[in-house]
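Quick mapping for you: the protein sequence lines, in order, are chains A and B. Here the working numbering is used: the first residue of the first sequence is 1271, the next is one more, and so on. Here the working numbering is used: the first residue of the second sequence is 37, the next is one more, and so on.
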Amino acid sequence: MTVPHAAAAQGVTRERALGLLREMLRIRRFEEKAAELYSLGHIRGFLHLYIGEEAVAVGAMQALGEQDRIVATYRDHGHALARGLPPGELMAEMFGKATGCSRGRGGSMHFFDVSRRFYGGYAIVGGGLPIAVGLALADALEKRPVVTACFFGDGAVVEGEFHESMNLAALWRLPVLFLYENNLYAMGTAIERSQAQLDMELRARGYGVPAEVVDGMDVLAVAAATRRGVDAVRQGGGPHLIEFKTYRFRAHSMADPDLYRTKDEVEQWRERDPIDLFVRAQGIDEASLAAVEEAVADELEQAVAFAEAGDWEPVGDLEQDVYTTGPAP
Amino acid sequence: MTTYREAVRQGMREALEGDPRVFLMGEDVGRYGGAFAVSMGLLDEFGPERIRDTPLSESAFVGAGIGAAIAGLRPIVEVMTINFSMLALDQVVNNAAALRYMSGGQLSVPLVVRMATGGGRQLAAQHAHSLEVWYAHVPGIKAVAPATVADARSMVLAALAEPDPVFVFEHATLYPIEGELEDGDLPLGRAAVRRAGTAVTLVTYGGSLWKTLAAAEELAGDGVDAEVVDLRSLRPLDMETVLESVAKTHRVVIVDEGWCTGSLAAEIGMQVSEEGFDLLDWPPQRVCSVEVPMPYAKHLEDAALPSAERIVATVREMAA
Chain A
1271 MTVPHAAAAQ GVTRERALGL LREMLRIRRF EEKAAELYSL GHIRGFLHLY
1321 IGEEAVAVGA MQALGEQDRI VATYRDHGHA LARGLPPGEL MAEMFGKATG
1371 CSRGRGGSMH FFDVSRRFYG GYAIVGGGLP IAVGLALADA LEKRPVVTAC
1421 FFGDGAVVEG EFHESMNLAA LWRLPVLFLY ENNLYAMGTA IERSQAQLDM
1471 ELRARGYGVP AEVVDGMDVL AVAAATRRGV DAVRQGGGPH LIEFKTYRFR
1521 AHSMADPDLY RTKDEVEQWR ERDPIDLFVR AQGIDEASLA AVEEAVADEL
1571 EQAVAFAEAG DWEPVGDLEQ DVYTTGPAP
Chain B
37 MTTYREAVRQ GMREALEGDP RVFLMGEDVG RYGGAFAVSM GLLDEFGPER
87 IRDTPLSESA FVGAGIGAAI AGLRPIVEVM TINFSMLALD QVVNNAAALR
137 YMSGGQLSVP LVVRMATGGG RQLAAQHAHS LEVWYAHVPG IKAVAPATVA
187 DARSMVLAAL AEPDPVFVFE HATLYPIEGE LEDGDLPLGR AAVRRAGTAV
237 TLVTYGGSLW KTLAAAEELA GDGVDAEVVD LRSLRPLDME TVLESVAKTH
287 RVVIVDEGWC TGSLAAEIGM QVSEEGFDLL DWPPQRVCSV EVPMPYAKHL
337 EDAALPSAER IVATVREMAA
């Protein structure tokens, strides 16, 4: 049964709507499975879930091309999946397998796939920002029309590296797109308790960087804003910043008892679940949703099977790749 | 004759001429000509794109060097002094050193970071320490300390040929010394015997080399023929050369401007004990900086730093 839906009114084809839905659901279901596998002990270390923020990664990636570069944070599952990293390799990475995207050396926080220009998840808050500036510096010096998109959270905004990087990128007019995922909490510290200035447009203006604030629960708004940002940066306008107002529905990590915010607050945000909002706004019918869910479940099942089947890196290779053998790539 | 500072500049000039991917960035490297005048004139020769003044943002510009290296360029980053480099240590340890490993071998970081180190110029406790061991501690990076004019040039070129991050420590008292340049490639990671001898091995690096050679000359007057090993590379350590020397002399003194506790001298002494215990006729000895933040007053700073006198006294205390 084909049901007319609101997408057409917004200029979104049904195909694109279902594609965006699928991308968000891939992240949601992948992470739910990861949490389950964590509880079973198949995944260890830290596991930071992106659930609730899917519209940001999915929307933003729509506007970035193959040649563009991505720098992510330790909450990187959504970015990696939306960028097209194979979910099996991501799951295998969290299992610690040699078949993982970082050969089991990185884990959940450090997904890398240079072939897809995914330059990693950075777990020192703010630590990826100078790397993004450097990637963009190389492109500027080589006169390549490439944009480096750098995700960071509200915790990073109060790190010195954020300010140094904004200043340097603006000073040298580098092609960096700063993507601010404001989920309102740096671990358990609310932004009101850590940021003296909550207005990011004002902060950015202080560096001469154009900024806009977007509803991070609206995947189409995210995609449209990112498109504007990418276009501005690619045209040589220097860096650009977009703030996405979003929320993580789960705790900071699997170790977090989530005592610092009220259930009411979480419930209120859950009413703005980016997937539910999108399904409603697009008028996606149950049968279509079920079909997408099924495809997502199939892919996830294969990803887990891939992770389970993977080999462990031999302990004899423990010291491999501390240094490069042969010339630099 | 060429000065050490000119030699570093010459190395960078050759690299800039020979490889369009090479560029220099750091605080005051351009218009000012470098805090130690190392890059004087390079701005005119190579222009502001490749001789790039940075704001005082150590973490951002060292991190930007890492990013540019990942993206295929060959940056030389100058940090004004080793004490200032602490502001970028996050980028060094958590990114430069770790990215190759953490990415499962997907990335290399062919970055060169140069900085002035060491005391002796009455600059007190925030400009004059010798913290090289903090870098030498970290797997994933390499650390070198050119002590001669020839090495000052060739180590820049050798560092740029490496596919991994190399930190070059230039002792600030060495910039005006004069010597001869040498052609040819220098393999990184090899120590050099600067004075052959048979009675005792004096192991040192960087600015302490010249004090150690002076001590060796004085000891020669006593009939004690010291061998002086210049480490050149602080990571990796060329223990083969050190142990070959100790096999000859059976005594070793390590001269290291770092503080004694947890020093490179401690590491070398331990490795000599582990690998060459049977070679030793005397416990390994150390001449390091006294464990105080560097004082300003000259007589106090002189007393805090290793000196030829302290090296000579240490050797004389070792049984003949």
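Even for Gly, the Cβ is constructed at its ideal location relative to N, Cα and C.
Cβ separation of residue i and residue j, assumed to be a contact under 8 Å, to the nearest whole Å
i	j	result
G225(B)	A181(B)	Actually they do not touch by this definition, with Cβ atoms about 12 Å apart.
A235(B)	T277(B)	Not quite, the Cβ-Cβ distance comes to about 18 Å (not below 8 Å), so this is no contact.
E1513(A)	A1481(A)	7 Å
G140(B)	S1372(A)	4 Å
A152(B)	T117(B)	5 Å
G1374(A)	E1359(A)	Wrong, their Cβ atoms sit about 11 Å apart, outside the cutoff.
Q321(B)	F1382(A)	With a Cβ gap of about 46 Å, Q321(B) and F1382(A) do not count as contacting.
T1496(A)	A1333(A)	4 Å
L1291(A)	I1554(A)	6 Å
I1321(A)	F1519(A)	5 Å
G99(B)	I1401(A)	6 Å
M76(B)	G83(B)	Contact flag wrong, Cβ pair sits at about 15 Å.
G215(B)	T184(B)	6 Å
Y1450(A)	F1422(A)	6 Å
M1457(A)	H1380(A)	Actually they are not in contact, since the Cβ atoms of M1457(A) and H1380(A) sit about 18 Å apart, beyond 8 Å.
A208(B)	F120(B)	Between F120(B) and A208(B) the Cβ distance is about 12 Å, and since that is not below 8 Å, they are no contact.
Residue environment, residue i, which counts as buried when at least 16 other CB atoms sit within 10 Å
i	result
F313(B)	exposed
R41(B)	buried
A1426(A)	buried
G1354(A)	exposed
T1272(A)	Because the pLDDT of T1272(A) is 41, which lies under 50, any placement of that residue in the model is unreliable, and the number read from its coordinates should be weighed accordingly. When all chains shown are included, T1272(A) counts as exposed.
M37(B)	exposed
G1505(A)	Correcting the residue identity first, residue 1505(A) is Gln in this sequence and not Gly. Answer is exposed; the Cβ neighbour count stays below 16.
L1310(A)	exposed
H335(B)	exposed
Y171(B)	buried
D1346(A)	buried
R352(B)	exposed
M191(B)	buried
K1533(A)	exposed
W1582(A)	exposed
Q1538(A)	exposed
K1413(A)	exposed
G1476(A)	exposed
A1276(A)	With a pLDDT of 44 at A1276(A), under the threshold of 50, the predicted position of this residue should be treated as unreliable, though the coordinate-derived value follows. By the 10 Å Cβ count, A1276(A) comes out exposed.
M1361(A)	buried
A1579(A)	exposed
A1560(A)	exposed
P1597(A)	exposed
D1587(A)	exposed
E1301(A)	buried
P329(B)	exposed
Residue(s) in a DSSP beta bridge with residue i
i	result
L1449(A)	F1421(A) and I1512(A)
E1556(A)	DSSP output for E1556(A) lists no bridge partner at all.
E111(B)	Here residue 111(B) is Pro; the residue named in the question, Glu, does not match the sequence. BP columns for P111(B) point to F59(B).
E254(B)	Paired residues: none, contrary to the question.
D1534(A)	Partner(s): none; D1534(A) has no beta bridge.
A72(B)	It should be pointed out that residue 72(B) corresponds to Phe in this sequence rather than to Ala. None, per the DSSP bridge assignment.
M48(B)	For M48(B), which the question treats as bridged, DSSP gives no partner whatsoever.
R1542(A)	DSSP lists no partner for R1542(A).
F376(B)	With chain B represented from 37 up to 356, any question about residue 376(B) goes unanswered, as that position is not in the structure.
E214(B)	T39(B)
Residue i CB to nearest heavy atom of the ligand GTP below 7 Å
i	result
A1440(A)	Absent from the structure shown: the ligand GTP. Ligands present: none.
*Would you call the region 302-309 of chain B and the region 215-231 of chain B in contact, with 3 or more CB pairs under 8 Å?*
no
*contact_flag[the region 1441-1449 of chain A, the region 1398-1408 of chain A] where n(CB pairs < 8 Å) is 3 or more*: yes
*asked:* Check whether the region 166-178 of chain B and the region 193-213 of chain B touch, using three or more Cβ-Cβ pairs below 8 Å as the test.
replied: yes
*asked:* Quick test of the definition: if touching needs 3 or more C-beta pairs under 8 Å, does the region 1474-1491 of chain A touch the region 1279-1296 of chain A?
replied: yes
*asked:* Quick check on the DSSP output: what are the complete beta strand (DSSP E) runs of length 3 or more inside the region 1368-1429 of chain A, in order along the chain?
replied: 1388-1392 and 1418-1423
*asked:* What ranges does the alpha helix (DSSP H) occupy inside the region 294-328 of chain B, keeping only unbroken runs of at least 4 residues that lie completely in it?
replied: 300-312
*Three or more beta-carbon pairs under 8 Å between the region 1384-1393 of chain A and the region 1328-1339 of chain A, yes or no?*
yes
*Which runs of the beta strand (DSSP E) spanning at least 3 residues fall entirely within the region 216-244 of chain B, listed in chain order?*
228-231 and 236-240
*Going along the chain, which unbroken runs of the alpha helix (DSSP H) with 4 or more residues stay wholly within the region 112-141 of chain B?*
118-121 and 135-138
*Please confirm if the region 288-295 of chain B is in contact with the region 238-254 of chain B, defined as three or more CB-CB distances below 8 Å between the two stretches.*
yes
*What alpha helix (DSSP H) runs, 4 residues minimum, are completely inside the region 257-286 of chain B?*
275-285
*asked:* Across the region 111-128 of chain B and the region 1566-1573 of chain A, are there enough close Cβ pairs to call them in contact, namely three or more that are closer than 8 Å?
replied: no
_Counting beta carbon pairs with one atom in the region 1460-1469 of chain A and one in the region 118-128 of chain B, are three or more of them shorter than 8 Å?_
no
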